[in-house]
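In the numbering used here, the protein residues as written are 7 to 298. Beta carbons: idealized from backbone N, C-alpha and C, even for Gly. Quick caveat, the model's predicted, so the values are computed rather than measured. Structure record follows, encoded as structure tokens.
So this is what it looks like as structure tokens:
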């Protein structure tokens with residue numbers, strides 16, 4: 007391995023600086039070049055080259071992301087189409103997408119250098135917004151596409167179709183279309199299932215639906231999910247991966263399909279989806295306050 011790019015979440019500056027120092031020490035002993043993106047927070051370190059983020063492509067063999075799932079989602083979109091594999095080091099709360107916990111950093115890096123890993127290509131979503139039959143916005147998502155009401159809106163009516171066949175008109179606070187990767191995010195909080203990211207499916211989950219039946223629906227990634235928003239004059243927002251927003255108008259149609267791109271995520275030897283889920287969910291149980 008010739009070079010490793012590091013993308014940190016500088017909001018966690020103290021933890022990030024400690025992790026970067028450990029990575030630098032590990033890589034200097036093995037003559038591996040490190041790259042960091044330009045930032046005002048950056049402290050110069052020997053053996054680290056500072057580059058614009060887009061310059062990582064062609065120089066780095068892998069990108070290590072220091073942060074939580076939100077940081078990984080942002081980096082995945084920034085490098086979409088580059089084929090650079092991502093390894094997440096969890097500095098967030100749950101970190102469902104992060105393979106590595108800080109205590110196992112050096113062990114994990116050694117597995118990476120020894121080639122003891124696989125690259126898993128995660129499904130991404132393509133989202134296009136049409137207004138009066140004309141495209142007005144287009145996005146790519148790794149986690150989910152969410153249609154939700156604004157802070158003062160009433161119930162959102164989401165007229166939902168799969169391959170132009172009417173599925174349901176959901177009266178709710180909104181609707182989530184997620185990938186299996188995103189099944190552990192907002193969809194899970196809204197009552198959706200946890201889905202193995204190896205599966206090629208999309209999950210449709212209503213948010214607080216005003217229906218007696220309100221189960222998620224799982225469809226093939228080869229299908230097209232279309233949502234027509236019936237907003238009247240209420241504020242309704244389209245959100246992509248919880249990070250990019252677009253205001254929808256009445257009768258806008260959102261088409262969600264499988265994207266032509268995937269996100270390559272590194273899975274280290276000895277790790278698998280079910281073991282990871284067990285570890286992450288146990289963190290939730292241990293963090294729950296004691297009931298009196």
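Residue environment: residue 144 is assigned as exposed (fewer than 16 neighbouring CB atoms within 10 Å of its CB, all protein chains considered). The residue from 235, 100, 60, 169 with its alpha-carbon nearest to that of residue 286 is 100. With contacts defined as CB atoms closer than 8 Å, residue 168 and residue 225 qualify as a contacting pair. In this chain, the beta strand (DSSP E) harbouring residue 133 covers 123-137.
The beta-carbon distance between residue 150 and residue 114, rounded to whole angstroms, is 27 Å. This is too long to meet the 8 Å contact definition. Taken through DSSP and simplified to helix, strand or coil, residue 29 comes out as helix.
Residue 84 sits in a helix when the DSSP states are folded into three classes.
In the three-state reduction of the DSSP assignment, residue 242 falls in the strand class. Per the DSSP secondary-structure output, residue 146 pairs in a beta bridge with 132.
Scanning its chain for C-beta atoms nearer than 8 Å, with the 5 sequence neighbours on each side dropped, one finds around residue 89 the residues 270, in chain order. The Cβ atoms of residue 177 and residue 125 do not sit closer than 8 Å to each other. Pairing residue 234 with residue 261 gives a Cβ-Cβ distance that is not under 8 Å. Residue 234 carries a strand assignment under DSSP once its states are collapsed to helix, strand and coil.
Per DSSP, reduced to three states, the secondary structure at residue 223 is strand. In this structure, the alpha-carbon of residue 181 lies about 15 Å from that of residue 256. Residue 267 has its alpha-carbon roughly 29 Å from the corresponding atom of residue 174.
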